Each structure stands twice: as structure tokens, then as C-alpha cells.
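Undergrad:
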Amino acid sequence: MKQAQRHQETIELLSQCGFASTEELVTHFDVSPQTIRRDLNELAQQNKIQRHHGGASLSSSNVSLYATHQVPQWEEKERIARLVAARIPDGASLFIDIGSSCEAVARALLDHRDLRIVTNNLNVASILTARDDFTVIIAGGEIRSRDGGIVGESTRDFIAQFRMDFGVVSIAAIDALGDLLNHHYPEVRVTKAIMEHSRTLFMLADHAKFGRHAMVSLGSISQVDVLFTDAEPPQTLCQLMQHHKVAWRVC
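Counted from 1, the sequence shown has number 1275 at position 13 by our numbering; the numbering is strictly sequential.
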């Protein structure tokens, strides 16, 4: 991969997870630590990221871009969100998880009626309170300032008190073996609780998530009821989904 491509993908990765360690980036790009340190130093000099001991995060200017939803594959995420919303009936109950894809689903649901939503995403809650006939319940826990996500053991315990019709979750990566992967362990703990307490699980993944790598295992594609995406998944993943009777929908 050329340096310019690596720089762009580094920014995209940080827009999704907020922080990445040097070791994670070395594994992700399969390059030397010296190469990653050089990349991060150059991006920091351009004020695109902030360097920290052992890793990097988005610069304040790029955090503001995330807050206004100028994130990678945004148009694709909006299309996926409309496809998901069309499968959720009026009067349903649902979990909505962390992430820009889940926020897109929240906006797509504003034409619905009488929904009951439990979320660990402050941005989702803010979007959905525009409807007086929605019941919106926010999970307690630690708030991440970078994306409005709420995580922690208390968040997981709160989620576990509910049993909802639908769970709407997004994913950082799906590998060739159908493993669902994410970047942060505290976030994964909460998402697992959503998966376990949803009668029907909807997974959101734009095409960029196929074949990517992340460190923390969330589960298996076999746990998903419907995968929503913007491009036909790789053949091996399609075969796995057929074997486990997992449906997929392409917008």
C-alpha cells in the first residue's frame, strides 16, 4: 500500500474508533513500527491527527467533522439505514448501538410511529427525541466525548434488563471466516448484550468492512439475522451466511 493510501486509511480508522495504538496500526497495515511512527508524525505535522504515547487520535478539527457526520462511506451508510428502517414496523421496540451507521438509522426512523428505543448513543437519543410519540431510554455509563457513545459494565448491565424486538448494531470488520470484530473491548461488551437481548438482530456493514482487521472478537456472523450492506459480500462470506441461514440485503 502506498503511503498516501495508508495515511487516508489511518484517518478513516481513527474516525471509527477515536484512538488506535501503534501496535494496532502495525498489525492492520502489516508494516514495521518505524513506518507507522513516521506516518503518524507526518499526519500530526499536518494537524490531521494528534500523537499520543503509544498511538494517535483524531485532531480536534477532524473530530468536528465526525460530529457533523462527514465520515467515510457516509452516502452508503445513509442508503443502508433506509433499508434497515423499512424493515422495522411502527410500534416496535429496538436497541440502537454506537456508531455513525446507527445514527443514520435513527434519522431514517423519524417517519415511524410509536417506537420504543433503548440506546447507548447520545447522538441517537438526541435525534429520536424529535418525535413526541417515541419512548427513548438512554443507558447509563461512561460517555465518550468523541462520539457520544456510552460504555462500561453499568451500560452492559442496564442493557441486559431489556428484551427488544430488534437490535441494530454496526461492526468495524468482518473477516473471511465470518468473525465479527471491533476495536474496543468495553464497547464490545455492550454490543454483545444488545445481541443477546434482541429477538431479531440487524447488523450494518458497508463494503469497506469486509476483510478488514480489528483486535476484539464480537461474535460470529451466525448470530446475525439480517446483514445490511451496500455491496454484495465476498463469496466465502455469502456461503457462510447461506449455511447458517443468515439473510443479507444490499441497498
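We treat Cβ as the ideally placed atom computed from N, Cα and C, and that holds for glycine.
Keep in mind it's a predicted model, so treat the numbers as computed, not measured.
Examine the Cβ distances between the region 1333-1347 and the region 1438-1454 and report whether three or more of them are shorter than 8 angstroms.
TA: Judged by Cβ distances under 8 angstroms, the region 1333-1347 makes no contact with the region 1438-1454, as fewer than three pairs qualify.
Undergrad: Enumerate in chain order the residues of its own chain whose CB-to-CB distance from residue 1410 is below 7 angstroms, with the five nearest sequence positions on each side excluded.
TA: Correct list, in chain order: 1383, 1384, 1385.
Undergrad: Answer yes if the region 1465-1481 comes into contact with the region 1373-1380, meaning at least three C-beta pairs across the two stretches below 8 angstroms, and no otherwise.
TA: Result no; under three Cβ-Cβ pairs closer than 8 angstroms.
Undergrad: Among residues of its own chain, excluding the 5 on either side of residue 1316, which ones have a beta-carbon nearer than 7 angstroms to its beta-carbon?
TA: The answer, listed in chain order, is 1283, 1284.
Undergrad: Verify whether the separation of the beta carbon atoms of residue 1452 and residue 1398 is less than 7 angstroms.
TA: Against a cut-off of 7 angstroms, the Cβ pair of residue 1398 and residue 1452 comes out as no contact.
Undergrad: Per DSSP, which residues does residue 1465 bridge with? Please list them.
TA: 1431, 1489.
Undergrad: Does residue 1331 come out as helix, strand or coil in the three-state DSSP assignment?
TA: Residue confidence for residue 1331 is low, a pLDDT of 43 falling below 50, so the modelled location carries little weight and cannot support an answer.
Undergrad: Go through its chain and collect everything with a Cβ distance to residue 1450's Cβ below 8 angstroms, but skip five positions before and after it.
TA: Excluding positions up to five away in sequence, the list reads 1444, 1478, 1479, 1480.
Undergrad: Buried or exposed: residue 1264, going by 16 or more other Cβ atoms within 10 Å of its Cβ?
TA: Its Cβ having fewer than 16 others within 10 Å, residue 1264 is exposed.
Undergrad: Three or more beta-carbon pairs under 8 angstroms between the region 1457-1469 and the region 1496-1507, yes or no?
TA: No, because fewer than three Cβ pairs between the region 1457-1469 and the region 1496-1507 fall closer than 8 angstroms, the two stretches do not touch.
Undergrad: So if DSSP puts residue 1404 in a beta bridge, which residue, or which two residues, is it bridged to?
TA: Answer is 1413.
Undergrad: Can residue 1341 and residue 1492 be called in contact, C-beta distance under 7 angstroms?
TA: Their beta carbons are under 7 angstroms apart, which means residue 1341 touches residue 1492 by this criterion.
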